[in-house]
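The structure under discussion appears below in the form of structure tokens.
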Amino acid sequence: MTNIGIEFPALGEMGFFDLPEPPDPGPTEILILTHYSGVVNGTERHALMADFGKGYPSRPGYQHVGVIEAVGSKVNTFAEGDIVFLGNHGGHRGWHIADVAATNERQRLCIKLSDDVEHEFCALFGVAGVGMQHSRRIRVAPAMNVWVAGLGLVGQSVAQASRALGARVTVTDINPQRLEVAKELGAHQVINISEKSGIELLVKGGPYDRIIDACGACQLFDDIRENELLALHGTIGALAGRHETIFHQTMLHALRASIEGSSHFTVEDLRMVRHFLQLGTIQIEPLVTHRVPITEAPRIYETMRDKPADLLGVIFNWQS
51 MTNIGIEFPA LGEMGFFDLP EPPDPGPTEI LILTHYSGVV NGTERHALMA DFGKGYPSRP
111 GYQHVGVIEA VGSKVNTFAE GDIVFLGNHG GHRGWHIADV AATNERQRLC IKLSDDVEHE
171 FCALFGVAGV GMQHSRRIRV APAMNVWVAG LGLVGQSVAQ ASRALGARVT VTDINPQRLE
231 VAKELGAHQV INISEKSGIE LLVKGGPYDR IIDACGACQL FDDIRENELL ALHGTIGALA
291 GRHETIFHQT MLHALRASIE GSSHFTVEDL RMVRHFLQLG TIQIEPLVTH RVPITEAPRI
351 YETMRDKPAD LLGVIFNWQS
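Counting from 51, one number per residue, gives the positions in the sequence shown under the working numbering.
Okay, structure coming up:
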């Protein structure tokens with residue numbers, strides 16, 4: 051057992067903290083020993099760099115795969131030995147206690163993992179769940195024309211989810227490697243928006259029923275309006291973290307359109323991700339750029355601080 055966790059003690063710094071021995075679970079609780087945890091690049095870098103004014107120390111992370119070591123006397127949905135994904139905001143740590151009867155669903159985001167999925171890659175179920183939640187929140191449906199702007203881990207996930215729900219998906223980015231990953235994962239049109247023909251191709255493929263802002267670019271809402279990229283009754287999904295944005299009400303008024311956001315995911319989203327992963331419609335392995343033992347976490351966070359574009363999917367192995 052690894053009785054440590056990860057925290058950010060100061061701006062741009064990562065450290066380990068000591069965990070005590072885990073307590074016995076209460077009647078409706080389960081004790082999970084961590085095997086793998088997945089890094090949430092955007093959210094964790096915001097915390098590392100205090101982008102939204104949060105203080106220190108902070109302990110981010112909400113993607114954990116592990117084995118149930120013990121269950122409470124009233125737990126009948128899980129058993130000792132089950133391999134599970136836990137999506138609670140508990141941070142990267144060697145063990146977790148989860149209350150499976152908690153009133154707040156965000157405290158019981160736990161599902162069993164079957165043997166027909168690679169458990170290690172399930173450490174990125176959380177960001178896949180964010181993509182599924184957002185696609186469902188903005189009501190992506192079959193035959194819709196969808197544009198995803200930005201191909202970080204969350205952008206890749208929402209592109210896959212939208213395609214799984216039946217949409218035609220166009221993706222844009224400036225990073226050739228991320229565009230290649232999106233192509234491998236089945237995006238219908240892949241555009242390098244930094245190239246001369248980028249905007250031209252994007253306009254030609256529009257207008258779009260759903261536009262997902264997964265990049266946080268300041269000028270994105272203006273670009274949508276100026277190039278008439280949003281369809282009648284369309285929706286812009288504001289997914290990327292940002293302090294503020296400016297949009298033109300006239301665009302929404304004329305198109306009877308909307309801007310909508312979402313946050314985190316539900317157990318239902320996780321079940322849908324698991325289903326599509328089993329079918330092969332959603333894939334996680336191509337998103338993974340780093341698989342490292344937990345002892346190498348400091349190197350990962352240095353890269354996150356200094357060269358964030360070098361990271362896509364990152365998985366910590368707590369067993370090695």
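Glycine is no exception: its CB is placed at the ideal position from the N, C-alpha and C atoms.
These numbers come from a predicted model, not from an experiment.
I need the boundaries of the beta strand (DSSP E) containing residue i, first residue and last residue.
i           : result
residue 187 : It is not in any beta strand (DSSP E) - residue 187 instead sits in the alpha helix (DSSP H) that spans 175–187.
residue 343 : 338–343
residue 365 : 363–367
residue 60  : Note, residue 60: premise wrong, no beta strand (DSSP E); not H, not E.
residue 133 : 133–136
residue 82  : 79–88
residue 148 : 145–149
residue 334 : Note, residue 334: premise wrong, no beta strand (DSSP E); not H, not E.
residue 160 : 160–162
Are there 16 or more other CB atoms within 10 angstroms of the CB of residue i, so buried, or fewer, so exposed?
i           : result
residue 106 : exposed
residue 263 : buried
residue 60  : exposed
residue 158 : buried
residue 268 : exposed
residue 93  : buried
residue 223 : buried
residue 175 : buried
residue 352 : exposed
residue 153 : exposed
residue 324 : buried
residue 103 : exposed
residue 84  : buried
Using only the alpha-carbon positions, how far apart do residue i and residue j sit?
i           : j           : result
residue 310 : residue 294 : 14 Å
residue 169 : residue 210 : 19 Å
residue 88  : residue 114 : 7 Å
residue 82  : residue 141 : 13 Å
residue 328 : residue 182 : 15 Å
residue 237 : residue 217 : 10 Å
residue 202 : residue 235 : 13 Å
residue 229 : residue 337 : 11 Å
residue 64  : residue 253 : 43 Å
residue 122 : residue 166 : 27 Å
residue 318 : residue 285 : 23 Å
residue 240 : residue 307 : 25 Å
residue 282 : residue 341 : 44 Å
residue 213 : residue 255 : 16 Å
residue 177 : residue 303 : 32 Å
residue 190 : residue 56  : 36 Å
residue 409 : residue 320 : There is no way to answer for residue 409, as the model of the chain reaches only from 51 to 370.
residue 350 : residue 227 : 19 Å
residue 220 : residue 250 : 13 Å
Which same chain residues, not among the five before or five after residue i, have their C-beta less than 6 Å away from its C-beta?
i           : result
residue 344 : 366 and 368
residue 195 : 218, 258 and 259
residue 72  : 81 and 145
residue 108 : 58 and 97
residue 77  : 122, 123 and 124
residue 301 : 275
residue 184 : 208, 287, 289 and 312
residue 151 : 78
residue 52  : 144 and 368
residue 335 : 171
residue 187 : 312
residue 133 : 117, 163 and 169
Closer than 6 Å to a non-hydrogen atom of the ligand FAD - does that hold for the CB of residue i?
i           : result
residue 278 : Ligands displayed in this structure: none; no statement on the ligand FAD is therefore possible.
Tell me which same chain residues have a C-beta within less than 8 Å of the C-beta of residue i, skipping the five on either side of it?
i           : result
residue 339 : 360, 361, 362, 363 and 364
residue 192 : 215, 216 and 217
residue 54  : 66, 67, 68, 69, 143, 144 and 344
residue 138 : 112, 114, 146, 148, 156, 157, 158, 159 and 160
residue 355 : 62, 95, 98 and 99
Could you tell me the boundaries of the alpha helix (DSSP H) in which residue i lies?
i           : result
residue 303 : 299–305
residue 68  : Note, residue 68: premise wrong, no alpha helix (DSSP H); beta strand (DSSP E) at 65–68.
residue 356 : 347–356
Less than 7 Å between C-beta atoms, sequence neighbours within five positions excluded: which residues of the same chain meet that for residue i?
i           : result
residue 271 : 295, 296 and 297
residue 180 : 204, 207, 314 and 315
residue 75  : 81, 120, 121, 122 and 147
residue 326 : 214 and 332
residue 173 : 86, 87, 88, 113, 115 and 365
### Task
Please list the segments of the alpha helix (DSSP H) lying wholly inside the segment 97–125, counting only runs of 4 or more residues, in order along the chain.
Segments of the alpha helix (DSSP H) lying fully in the segment 97–125: there are none.
### Message
Report the start-end ranges of each beta strand (DSSP E) in the segment 243–317 that is 3 residues or longer and not cut off at the edges.
### Response
Entirely contained in the segment 243–317, the beta strand (DSSP E) runs reaching 3 residues are, in chain order, 258–263, 280–288 and 308–310.
### Those runs of the alpha helix (DSSP H) which lie wholly inside the segment 187–247 and span at least 4 residues
List check, alpha helix (DSSP H) in window: 203–214 and 226–234.
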